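Peer 1: Take a look at this one; I'll ask things after.
2 protein chains.
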Amino acid sequence: MFRTHTCGELRISDVNKQVTLAGWVQRSRKMGGMTFIDLRDRYGITQLVFNEEVDAALCESANRLGREFVIQITGTVNERFSKNTNIPTGDIEIIVSELNVLNAALTPPFTIEDNTDGGDDIRMKYRYLDLRRPSVRKNLELRHKMTIEVRRYLDSQGFIEVETPVLVGSTPEGARDFVVPSRMNPGQFYALPQSPQTLKQLLMVSGFDRYFQIAKCFRDEDLRADRQPEFTQIDCEMSFVEQDDIINLFEGMTKYLFKEIRGVELEGQFQRMAWADAMKYYGSDKPDLRFGMKFVELMDVLQGHGFSVFDNAAYIGGICAEGAAHYTRKQLDALTEFVKRPQIGAKGMVYARIEEDGTVKSSVDKFYTQEVLQKMKEAFGAKPGDLILILSGDDAMKTRKQLCELRLEMGNQLGLRDKNTFACLWVVDFPMFEWSEQENRLMAMHHPFTHPKDEDIDLLDTDPAAVRADAYDMVINGVEVGGGSIRIHDPKLQAKMFEILGFTPEKAEEQFGFLMNAFKYGAPPHGGLAYGLDRWVSLFAGLDSIRDCIAFPKNNSGRDVMLDAPAALDPSQLDELNLIVDIKE
Amino acid sequence: MFRTHTCGELRISDVNKQVTLAGWVQRSRKMGGMTFIDLRDRYGITQLVFNEEVDAALCESANRLGREFVIQITGTVNERFSKNTNIPTGDIEIIVSELNVLNAALTPPFTIEDNTDGGDDIRMKYRYLDLRRPSVRKNLELRHKMTIEVRRYLDSQGFIEVETPVLVGSTPEGARDFVVPSRMNPGQFYALPQSPQTLKQLLMVSGFDRYFQIAKCFRDEDLRADRQPEFTQIDCEMSFVEQDDIINLFEGMTKYLFKEIRGVELEGQFQRMAWADAMKYYGSDKPDLRFGMKFVELMDVLQGHGFSVFDNAAYIGGICAEGAAHYTRKQLDALTEFVKRPQIGAKGMVYARIEEDGTVKSSVDKFYTQEVLQKMKEAFGAKPGDLILILSGDDAMKTRKQLCELRLEMGNQLGLRDKNTFACLWVVDFPMFEWSEQENRLMAMHHPFTHPKDEDIDLLDTDPAAVRADAYDMVINGVEVGGGSIRIHDPKLQAKMFEILGFTPEKAEEQFGFLMNAFKYGAPPHGGLAYGLDRWVSLFAGLDSIRDCIAFPKNNSGRDVMLDAPAALDPSQLDELNLIVDIKE
Numbered sequence: 001m002f003r004t005h006t007c008g009e010l011r012i013s014d015v016n017k018q019v020t021l022a023g024w025v026q027r028s029r030k031m032g033g034m035t036f037i038d039l040r041d042r043y044g045i046t047q048l049v050f051n052e053e054v055d056a057a058l059c060e061s062a063n064r065l066g067r068e069f070v071i072q073i074t075g076t077v078n079e080r081f082s083k084n085t086n087i088p089t090g091d092i093e094i095i096v097s098e099l100n101v102l103n104a105a106l107t108p109p110f111t112i113e114d115n116t117d118g119g120d121d122i123r124m125k126y127r128y129l130d131l132r133r134p135s136v137r138k139n140l141e142l143r144h145k146m147t148i149e150v151r152r153y154l155d156s157q158g159f160i161e162v163e164t165p166v167l168v169g170s171t172p173e174g175a176r177d178f179v180v181p182s183r184m185n186p187g188q189f190y191a192l193p194q195s196p197q198t199l200k201q202l203l204m205v206s207g208f209d210r211y212f213q214i215a216k217c218f219r220d221e222d223l224r225a226d227r228q229p230e231f232t233q234i235d236c237e238m239s240f241v242e243q244d245d246i247i248n249l250f251e252g253m254t255k256y257l258f259k260e261i262r263g264v265e266l267e268g269q270f271q272r273m274a275w276a277d278a279m280k281y282y283g284s285d286k287p288d289l290r291f292g293m294k295f296v297e298l299m300d301v302l303q304g305h306g307f308s309v310f311d312n313a314a315y316i317g318g319i320c321a322e323g324a325a326h327y328t329r330k331q332l333d334a335l336t337e338f339v340k341r342p343q344i345g346a347k348g349m350v351y352a353r354i355e356e357d358g359t360v361k362s363s364v365d366k367f368y369t370q371e372v373l374q375k376m377k378e379a380f381g382a383k384p385g386d387l388i389l390i391l392s393g394d395d396a397m398k399t400r401k402q403l404c405e406l407r408l409e410m411g412n413q414l415g416l417r418d419k420n421t422f423a424c425l426w427v428v429d430f431p432m433f434e435w436s437e438q439e440n441r442l443m444a445m446h447h448p449f450t451h452p453k454d455e456d457i458d459l460l461d462t463d464p465a466a467v468r469a470d471a472y473d474m475v476i477n478g479v480e481v482g483g484g485s486i487r488i489h490d491p492k493l494q495a496k497m498f499e500i501l502g503f504t505p506e507k508a509e510e511q512f513g514f515l516m517n518a519f520k521y522g523a524p525p526h527g528g529l530a531y532g533l534d535r536w537v538s539l540f541a542g543l544d545s546i547r548d549c550i551a552f553p554k555n556n557s558g559r560d561v562m563l564d565a566p567a568a569l570d571p572s573q574l575d576e577l578n579l580i581v582d583i584k585e
Numbered sequence: 001m002f003r004t005h006t007c008g009e010l011r012i013s014d015v016n017k018q019v020t021l022a023g024w025v026q027r028s029r030k031m032g033g034m035t036f037i038d039l040r041d042r043y044g045i046t047q048l049v050f051n052e053e054v055d056a057a058l059c060e061s062a063n064r065l066g067r068e069f070v071i072q073i074t075g076t077v078n079e080r081f082s083k084n085t086n087i088p089t090g091d092i093e094i095i096v097s098e099l100n101v102l103n104a105a106l107t108p109p110f111t112i113e114d115n116t117d118g119g120d121d122i123r124m125k126y127r128y129l130d131l132r133r134p135s136v137r138k139n140l141e142l143r144h145k146m147t148i149e150v151r152r153y154l155d156s157q158g159f160i161e162v163e164t165p166v167l168v169g170s171t172p173e174g175a176r177d178f179v180v181p182s183r184m185n186p187g188q189f190y191a192l193p194q195s196p197q198t199l200k201q202l203l204m205v206s207g208f209d210r211y212f213q214i215a216k217c218f219r220d221e222d223l224r225a226d227r228q229p230e231f232t233q234i235d236c237e238m239s240f241v242e243q244d245d246i247i248n249l250f251e252g253m254t255k256y257l258f259k260e261i262r263g264v265e266l267e268g269q270f271q272r273m274a275w276a277d278a279m280k281y282y283g284s285d286k287p288d289l290r291f292g293m294k295f296v297e298l299m300d301v302l303q304g305h306g307f308s309v310f311d312n313a314a315y316i317g318g319i320c321a322e323g324a325a326h327y328t329r330k331q332l333d334a335l336t337e338f339v340k341r342p343q344i345g346a347k348g349m350v351y352a353r354i355e356e357d358g359t360v361k362s363s364v365d366k367f368y369t370q371e372v373l374q375k376m377k378e379a380f381g382a383k384p385g386d387l388i389l390i391l392s393g394d395d396a397m398k399t400r401k402q403l404c405e406l407r408l409e410m411g412n413q414l415g416l417r418d419k420n421t422f423a424c425l426w427v428v429d430f431p432m433f434e435w436s437e438q439e440n441r442l443m444a445m446h447h448p449f450t451h452p453k454d455e456d457i458d459l460l461d462t463d464p465a466a467v468r469a470d471a472y473d474m475v476i477n478g479v480e481v482g483g484g485s486i487r488i489h490d491p492k493l494q495a496k497m498f499e500i501l502g503f504t505p506e507k508a509e510e511q512f513g514f515l516m517n518a519f520k521y522g523a524p525p526h527g528g529l530a531y532g533l534d535r536w537v538s539l540f541a542g543l544d545s546i547r548d549c550i551a552f553p554k555n556n557s558g559r560d561v562m563l564d565a566p567a568a569l570d571p572s573q574l575d576e577l578n579l580i581v582d583i584k585e
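In structure tokens form, the structure reads like this:
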């Protein structure tokens, strides 16, 4: 060992001990004949002291140390004269008697501090230096702790972690697969799994009963913000269960994690909200319930009074921002601009303030009598000092989504989205199908193995679009952290599902035959869910992006700029793989 | 929930309870008016009873159930008349009152029992049925438990699990990489990691101090028996440590695992054996120390007596098999045939029995006096009743390897390799380099970042082939379960190493510049090791192959016969990837 203690370990009770420490030079400063060095390792920072009068040569060596040099020192623990209450080792310092430079260091391209001067690009290129910053390291420590606790909980509930293969076959539906050419099987390719979905269902057929895996998944999608081509899933599946069993068990896990990791006790059952209600009242299948501003629909109240925008709308709805009547015209104009941005796409915004005397003053006063406006006020339950914001449009769903953006923006502006407050809910009763304009057919909203709700099975023949599924998402603070479904285990029901999805029996056999065949040998009723680990960790860490809870993330072009990957292959390698690269201009 | 209890749970104390169980029909038998069904799930087997006299219709339904049907039953727990002491639920049975068929099953293509009639190929094709067999499932349960305990131990020692990426850059040395074409970066490829070696070294540069990961690794090698293209490694790295620190810590982990998983207390320190001694005394860098038969070299004793085979040999050595003098001529001839097989390649074998009276009777008596043979006996410390087996050859190392095979075979024949006895050791002081006939240069035996032993650094200039490394393997029962090394952190030493390995500075920069560059920013002294999880689990499970501790293994052609992967791609997919398949005839 190069050390007797770490840099985060020594306390006042260690005074007079002879110790050896090793670490990185965080900073050094000369004060008169004294040189002070902050020595850093993963565990903390300890102050080293060199005294010119006592040992000039040693002090001179210390003065030559640059930032991020790796050193080993031996010395005596001393009580500090002026203590530093900001760090746990702040009561002591080390009077150094021996200094050993283990490795020199070039000056790092950015400062290794929580508030660094390094931009995103340079931090990613030198990610190994970026990871020295305590804030980044803490995210990865949190990630470690989270996976330890997830495993502890699931193990205690009888789940077995089973590793499923990474080199698998291509799956027909969903996003694009990454593929891997096989040298031993010329012209053939493996695929990297988008998720262990089919394999975990096979494990249920195998009788594994309770499976989980913290699994790497891969999607070759055009990367949007905050997507990674490889990501990590907490993947779970259970047999002989119904939806409530899964929801209860994973609600338990969530509470356990909140308690162990964040020290937060979540009381009572999580709210459960039907998908239709989530859309109706929040315009989103992942509503942020840290704050109110539930949508109020105003068709009855505001249509038919001569304001053509509303009179011709398919939907009129609004939110009430409590105590926001003080918003200035300028602020309101900015909100209007916000909803009119192309990403949101509203045509305009109507607002109304509730005055001190209870009267309503709106931007459309010329069309509405105070009587109508009072009815509107009542619909919101608004009080003096509140601000009502209204959107309308000719497509109810689209307008709701616009209103959702406005609601979230108001939540931000009013400070209602505190990162240390957590609102958890289950969104349930998702529609089984959604209509695809592109494919001109119904598509499975979740996947084709999702079980319809028993009470809706009759609708499969008469009104498939109205069928709801035994599918559920867990939403925390407006982030979908996980989701899953009960799966179909009845071959006849599965066949009907394929029919509705427009598969001929032959095509269903070709694409899903492998799983369907397994199901013929005794499939138990089963269901499961998967959590996005990256997303959940960043939520717990209070991060805006998943990138900083991933050790070596890729950028928006799917590149690892540190490793400089991907890269061109050696021609001999391509040759061995029986491949020719043919780039179209 | 489809059940109140599992099939492994009910005991005599539950008698008269009303219960609901769900599971698979293991077997059914009719005895008079009674039908007995063994209901199986992951947790065990419970006997169900249907009585024709009590409910003829229900009994009739039960009679129609086939093997592997999935059923749910409700009934009353009853004390069995004739108890089955072989299973924990053997004291009770369930008098069934309700039967619900959850899913029918085709007759499985092989019997779902520990002793199955299914061959390897059919078991792999229907792996989801094979996994129902308790013996296979237990291996995966053991694997789960092992990873849980490994994580528990390493977490308790301050290690952080960090996920490193699966889509990385190609590494220059070692086995072939699997590659992944990037659609977003036309003509460029990711590689799948052969191990997280460079990334874990970067984490040390980042100050992570103690890292581990249970990581998937990939090698596109021609598969020998018991190799898989993807395998799992317990990968570890530590900073500010010397070889002994790593050995001590992981010896601690090994003892912990033996205790927690096998209930075996390993006493004292593991033996540490220099590589040179392992080769000299056991002809192997992974000696099986469950038994003796240490090699004895006999050049001094047996050369120069007119037996030309020995007189012209570069090496003569033998083993003494205690109490095996009873071996018949036929058995000895079979051993001679064994060592002469092309896989082993010895020219012949000499044997000698120690008679009751202490005289030695050998197959080469006409060349040797009893006096010489007695000297030989003393060299072995042989006793009456022992059998001495001797090989010779013109290449000492090759002959030792042949003698190693003979020793292991004798260990098998004499029952000295009990799967429930464990002999752990560290093989240390590996040579730094080995000569490659193919490349006509010294190659790194471990990898180019391995640290030479301090006391041998001077030899780098004068006799590099004699330099030993700070490299170590953990060997259990003749299986290398893990290995690692201290890494070089001094850029000057690393440059010298590349020089010896025949790299120009330019080539070294091109291939390893990325890691070397990181090292310029303050690399701590560090080292680590990696365990092969698959191999370790199969050792604990007493398996001869790693395949049965892997849920979905690949065959010797790298195929997953269940998934039918790899497979040809859709032309449009190739097109998107800018690839043309070009198979040479």
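Chains as they are written, first to last, in the UniProt record's numbering: chain Z, 1 to 585; chain R, 1 to 585. We put the CB at the ideal spot given by N, CA and C, even for glycine. This one's a predicted model, so the numbers in the text were calculated from it and none came from an experiment.
Considering only DSSP beta bridges, list what Z:Arg40 is partnered with.
Peer 2: Z:Trp24 and Z:Ile45, per the DSSP bridge assignment.
Peer 1: Closer than 6 Å by C-beta to Z:Leu405: which residues in its own chain qualify, once you throw out the five before and the five after it? Chain order, please.
Peer 2: Residue 405 of chain Z is actually Glu in this sequence, not Leu. Result list for Z:Glu405: Ile344, in chain order.
Peer 1: My understanding is that Z:Val339 touches Z:Leu391, with C-beta atoms under 8 Å, so please give their C-beta distance in whole angstroms.
Peer 2: Contact holds; Cβ gap of about 7 Å.
Peer 1: Using a Cβ-Cβ cut-off of less than 7 Å, list which residues of the region 520 to 549 of chain R approach chain Z; keep chain order.
Peer 2: Those would be Lys520, Tyr521, Gly522, Ala523, Pro524 and Pro525, in chain order.
Peer 1: Let me make sure I understand the geometry here. Which of R:Lys520, R:Met410, R:Ala565 and R:Ala346 has the alpha-carbon closest to that of Z:Pro186?
Peer 2: Among R:Lys520, R:Met410, R:Ala565 and R:Ala346, the Cα nearest to that of Z:Pro186 is on R:Ala565.
Peer 1: Whose Cβ in chain Z lies nearer than 7 Å to the Cβ of R:Gln188?
Peer 2: Result: Pro566, Ala567 and Ala568.
Peer 1: Among the residues of its own chain, which have a CB less than 6 Å from the CB of Z:Ala523, if the five just before and after it don't count?
Peer 2: If we look at Z:Ala523 and ignore the five residues flanking it on each side, its Cβ neighbours are Val205 and His489.
Peer 1: Buried or exposed for R:Asn139, please, with buried defined as at least 16 other CB atoms from any protein chain shown within 10 angstroms of its CB.
Peer 2: By the neighbour-count rule (16 or more Cβ atoms within 10 Å), R:Asn139 is buried.
Peer 1: So who's on the other strand from Z:Glu480, going by DSSP bridges?
Peer 2: In the DSSP output, where bridge partners are listed per residue, Z:Glu480 has Z:Val475.
Peer 1: Beta-carbon of Z:Lys453 versus every beta-carbon of chain R: anything under 8 Å?
Peer 2: No, because no Cβ of chain R sits closer than 8 Å to the Cβ of Z:Lys453.
Peer 1: So is Z:Val19 in contact with chain R if we call contact Cβ pairs under 8 Å?
Peer 2: Answer no: the Cβ-Cβ gap between Z:Val19 and chain R never drops below 8 Å.
Peer 1: For a contact meaning CB atoms closer than 9 Å, what does R:Thr232 contact in chain Z?
Peer 2: Going along chain Z in sequence order, the residues near R:Thr232 (Cβ under 9 Å) are Glu163.
Peer 1: Ends of the alpha helix (DSSP H) at Z:Cys59?
Peer 2: Its alpha helix (DSSP H) spans residues Ala56 to Asn63.
Peer 1: Contact between the region 323 to 338 of chain Z and the region 296 to 313 of chain Z: three or more CB pairs below 8 Å?
Peer 2: Flag = no, the region 323 to 338 of chain Z and the region 296 to 313 of chain Z do not touch.
Peer 1: For R:Met31 and R:Phe69, what's the separation of their Cα atoms in angstroms?
Peer 2: Approximately 20 Å, taken between the alpha carbons.
Peer 1: For Z:Gly8, I'd like the list of residues in its chain whose CB is within less than 6 Å of its CB, leaving aside the five on either flank, ordered along the chain.
Peer 2: So the list reads Tyr43 and Gly44, once near-sequence residues are dropped.
Peer 1: Would you kindly work out how many angstroms separate the C-alpha atoms of Z:Ile476 and Z:Leu425, rounded to a whole number?
Peer 2: Distance between the alpha carbons of Z:Ile476 and Z:Leu425 is about 6 Å.
Peer 1: Inspect the beta-carbon positions of R:Phe218 and R:Gln194 and report whether they are closer than 8 Å.
Peer 2: Yes, Cβ-Cβ distance for R:Phe218 and R:Gln194 is below 8 Å.
Peer 1: Using only alpha-carbon positions, find the residue among R:Leu543, R:Ala274 and R:Asn440 that is nearest to R:Arg468.
Peer 2: Ranking R:Leu543, R:Ala274 and R:Asn440 by Cα distance to R:Arg468 puts R:Ala274 first.
Peer 1: Distance, Cα to Cα, R:Ile214 vs R:Ile246?
Peer 2: When rounded, the distance between both Cα atoms is 18 Å.
Peer 1: For R:Gly292 and R:Leu408, I'd like the C-alpha separation in whole angstroms.
Peer 2: Using only the alpha carbons, I get a separation of about 10 Å.
Peer 1: I'd like to confirm the pairing. Which residues does DSSP put opposite R:Gln18 in its beta bridges?
Peer 2: Answer is R:Thr76.
Peer 1: Looking only at its own chain, which residues have a Cβ that is under 6 Å from the Cβ of Z:Leu515, when we skip the five neighbours before and after it?
Peer 2: Around Z:Leu515: Thr198.
Peer 1: Of all the CB atoms in chain R, is at least one closer than 8 Å to the CB of Z:Tyr128?
Peer 2: Yes, Z:Tyr128 counts as interfacial toward chain R.
Peer 1: If contacts are defined as beta-carbon pairs under 8 Å, then R:Phe540 and R:Met238 qualify, I think. What distance do you get, rounded to the angstrom?
Peer 2: Between R:Met238 and R:Phe540 the Cβ distance is about 25 Å, and since that is not below 8 Å, they are no contact.
Peer 1: If you follow the alpha helix (DSSP H) that Z:Met516 is in, where does it begin and where does it stop?
Peer 2: Pro505 to Phe519 is the span of the alpha helix (DSSP H), which, as asked, contains Z:Met516.
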